[in-house]
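Top to bottom, those sequences are chains X and C. Here numbering that gives the first Met the number 0 is used: the first residue of the first sequence is 0, the next is one more, and so on. Here numbering that gives the first Met the number 0 is used: the first residue of the second sequence is 0, the next is one more, and so on. Step one of this worksheet: look at the structure below.
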Amino acid sequence: MSTPASQGGVALVLHQARFDLRGFIRNRQARFFTLALPLIFLVIFTGIFGKDTVDGVPLKLFYVPGISAMAVIAASFINLVISITVLREEGILKRRRATPVPAWVLIGGRTLMAISVSAVSVIVLLLVGRFGFHVHLPARAIPGFALTVVVGSITFCVLGYAFSTAIANEDAAQPMVQAVMLPLYFISGIFIQPNALPSWLSNIAKVFPVQHLAHGLQHGFLAPTGHGIVWSDLGAMAIWAAIGVVVALRRFSWLPKAATG
Amino acid sequence: MSDPVVSVRGLRKTYGQFEAVAGIDLEIERGEIFAFLGPNGAGKTTTVEILEGFRSRTSGEVTVLGIDPARGDAAWRNRVGAVLQESNAEPGLTVRESLQLYSGYYLEPRDIDETISLVGLDEKADTLAPQLSGGQRRRLDVALALIGDPELIFLDEPTTGFDPSARRTAWHVIEGLRQLGKTVFLTTHYMDEAEELSDRIAVIAGGQIVAEGTPGTLGGRNRMASTIRFTLPDGTGADDLPPGLRALVAGDDGRVVTLTTDTPLPHVGALAEWALGRGLDLPDLDVRRPTLEDVYLELTEEPA
Chain X
0 MSTPASQGGV
10 ALVLHQARFD
20 LRGFIRNRQA
30 RFFTLALPLI
40 FLVIFTGIFG
50 KDTVDGVPLK
60 LFYVPGISAM
70 AVIAASFINL
80 VISITVLREE
90 GILKRRRATP
100 VPAWVLIGGR
110 TLMAISVSAV
120 SVIVLLLVGR
130 FGFHVHLPAR
140 AIPGFALTVV
150 VGSITFCVLG
160 YAFSTAIANE
170 DAAQPMVQAV
180 MLPLYFISGI
190 FIQPNALPSW
200 LSNIAKVFPV
210 QHLAHGLQHG
220 FLAPTGHGIV
230 WSDLGAMAIW
240 AAIGVVVALR
250 RFSWLPKAAT
260 G
Chain C
0 MSDPVVSVRG
10 LRKTYGQFEA
20 VAGIDLEIER
30 GEIFAFLGPN
40 GAGKTTTVEI
50 LEGFRSRTSG
60 EVTVLGIDPA
70 RGDAAWRNRV
80 GAVLQESNAE
90 PGLTVRESLQ
100 LYSGYYLEPR
110 DIDETISLVG
120 LDEKADTLAP
130 QLSGGQRRRL
140 DVALALIGDP
150 ELIFLDEPTT
160 GFDPSARRTA
170 WHVIEGLRQL
180 GKTVFLTTHY
190 MDEAEELSDR
200 IAVIAGGQIV
210 AEGTPGTLGG
220 RNRMASTIRF
230 TLPDGTGADD
240 LPPGLRALVA
250 GDDGRVVTLT
260 TDTPLPHVGA
270 LAEWALGRGL
280 DLPDLDVRRP
290 TLEDVYLELT
300 EEPA
């Protein structure tokens, strides 16, 4: 009999991702925060401020990629921190570890799920931007934009695994991720056009990965030429991903925190 | 002569000064249903988690299916199933989908529908797992532990917090594991559960095994005296009993008399003869051997 386990690692990761995706789709709260909320923000911000211009550039060119960055973070970081905390505290991760499934399959499957949700969410935002607000992503910039979405999604998944280690229980997960992300959204060029911020605030934002994801995605819409890749932004996200890997490797636990205290 | 499925020698686990498991030996044979009985905090779950490979040990030798669980790999996990004490349903998945997910983890899983039937969840197969009742969820846990067709299954307090009918159903499912020839390592703090299900019981208290045996012989239960208890009819006293019975009186509060004896039958006969001879009845006459609960409470009693 052929099972995903007997077909090797890739089949097993796809198997895991398929069921993780199904669990995600059936979770109303996850659907709202991951898919609906960015769409609502896009419509509100672009609807109100989209036609205003800064240095001759309409703000809607910032909002479509900026809110796309928010969608990637919601699908990767926020989605993972909350779902991993729930799975860990409910003893589900522990039960899965009592089976032969390798740890990297569980991590890989959930990460693949998050990247898929990020991609779908960003595509929906791009389509709404294109047909609702006439915001075009130039064809030459599509590969760079897609690459930035994938790198950003992986980075924020890794950071999700790392950050989940700081969350004590399920109730704390949602407020904690919002407390971290909301201020960063404001200073990283997602809600507010970056040139409108005082330089000291912009400099603080540049330390964190949110700004680099937003800036990397905005580049394709704003730069008159080129492939849409900003290597410095990808590099900054890679450094954050490396930090996330180190923290996760040192601190990640499959067992409930409540029981091991 | 096959090797034992579980073999434990001199197992110790300490947390700082506290000794949770203080040097225990266990041996479990293939096909046995073994009950590990003890009060909360006695070291049951610590021991099971060491055997499941979740916890490290301080010292001692442990093999489970011939492998040290601290180094248990995927091949070993293919042969072991675990129902953990606290593990919730897979969110967003139905009973059947949960089993499909877990079945994919194994090289030679059992049939999914057959496993659902085995735990009696046929009618709930397409219900979202988190919507099941507590008892049904526990049966899903057993199904998830069983789906890989393991040789050995750990059941850590499988019926804690259940109402009597849910416990009966769970017991029925565990009995079914015996029919499948599985070796079962059951922890519980219910004596009736251990008595009903297991071939052999070990009692742990304060990190040490204080008794081991079959449900019938545990703690010398088979050699312990029986008690004969009855209420004296009005107008009679314990002094009116024939001398042979008077010598056995262990308790007498003026109404209820308790006799203890290793040979209850002749004394019940003598008591009946005495009562019938006087035209009396003893409607609440009760003859009993110590229950497993009596033995257990004696064994696990905290020193005052």
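Cβ atoms here follow ideal geometry from the backbone N, Cα and C, with glycine treated the same way.
Closer than 9 Å to chain C by CB, residue i
i	result
G260 of chain X	With a pLDDT of 36 at G260 of chain X, under the threshold of 50, the modelled position of this residue cannot be trusted; read the value that follows with caution. Answer no: the Cβ-Cβ gap between G260 of chain X and chain C never drops below 9 Å.
V63 of chain X	no
G22 of chain X	yes
P57 of chain X	no
G18 of chain X	It should be noted that the sequence gives Phe, not Gly, for residue 18 of chain X. Taking Cβ atoms only, chain C reaches closer than 9 Å to F18 of chain X, which makes this a yes.
P37 of chain X	no
V149 of chain X	no
V116 of chain X	no
P208 of chain X	no
T98 of chain X	yes
A4 of chain X	yes
R250 of chain X	no
H14 of chain X	yes
V328 of chain X	Outside the shown range of chain X (0 to 260) lies residue 328 of chain X, about which nothing can therefore be said.
R109 of chain X	no
N78 of chain X	no
is_contact[residue i, chain X] using C-beta, thresh 9 Å
i	result
T13 of chain C	no
L143 of chain C	yes
P108 of chain C	yes
L83 of chain C	yes
G268 of chain C	no
T114 of chain C	no
S55 of chain C	no
E211 of chain C	no
Y295 of chain C	no
V79 of chain C	yes
Q99 of chain C	yes
R95 of chain C	no
Where residue i sits in the DSSP three-state scheme
i	result
D155 of chain C	strand
Y160 of chain X	helix
S58 of chain C	strand
A271 of chain C	helix
Q15 of chain X	helix
L298 of chain C	helix
A97 of chain X	coil
Y14 of chain C	strand
D251 of chain C	strand
P182 of chain X	helix
T126 of chain C	coil
Distance CB(residue i)-CB(residue j) smaller than 9 Å
i	j	result
R87 of chain X	L83 of chain C	no
F251 of chain X	Y160 of chain X	yes
D155 of chain C	A81 of chain C	yes
E292 of chain C	M190 of chain C	yes
A269 of chain C	G234 of chain C	no
L25 of chain C	V5 of chain C	yes
S75 of chain X	S187 of chain X	no
G305 of chain C	A21 of chain C	This structure cannot settle anything about residue 305 of chain C, because the visible part of chain C is limited to 0 through 303.
L151 of chain C	R138 of chain C	no
L10 of chain C	T46 of chain C	yes
P99 of chain X	A73 of chain C	yes
V134 of chain X	L233 of chain X	no
Among the options, nearest to residue i - alpha-carbon criterion
i	options	result
V127 of chain X	X:S231, X:S198, X:P37	X:P37
T230 of chain C	C:G250, C:A237, C:L244, C:R254	C:R254
F184 of chain C	C:E28, C:D67, C:D140, C:K12	C:E28
L60 of chain X	X:T224, X:S115, X:H218, X:A237	X:H218
Q135 of chain C	C:I115, C:L154, C:L151	C:I115
L79 of chain X	X:G65, X:Q192, X:L20, X:G7	X:L20
R76 of chain C	X:T224, X:A4, X:L58	X:A4
V12 of chain X	C:L92, C:D162, C:E48, C:Y101	C:Y101
E196 of chain C	C:R56, C:P38, C:R167, C:Q207	Correcting the residue identity first, residue 196 of chain C is Leu in this sequence and not Glu. Minimum Cα distance to L196 of chain C is reached at C:R167.
S67 of chain X	X:I81, X:I83, X:F40	X:F40
F162 of chain X	X:P137, X:G8, X:P255, X:I83	X:I83
D125 of chain C	C:V118, C:R70, C:A19, C:T93	C:T93
V61 of chain C	C:G212, C:R287, C:A193, C:I23	C:I23
Amino acids of chain A, ordered along the chain, whose beta-carbon sits closer than 7 Å to that of residue i
i	result
I91 of chain X	Any reference to chain A falls outside this structure, whose protein chains are X and C.
Assigned exposure category for residue i - 16 Cβ within 10 Å defines buried
i	result
A320 of chain C	No information on residue 320 of chain C is available, as it lies outside the stretch 0 to 303 that chain C covers here.
W103 of chain X	exposed
Q177 of chain X	exposed
F32 of chain X	buried
E300 of chain C	exposed
W239 of chain X	buried
L179 of chain C	exposed
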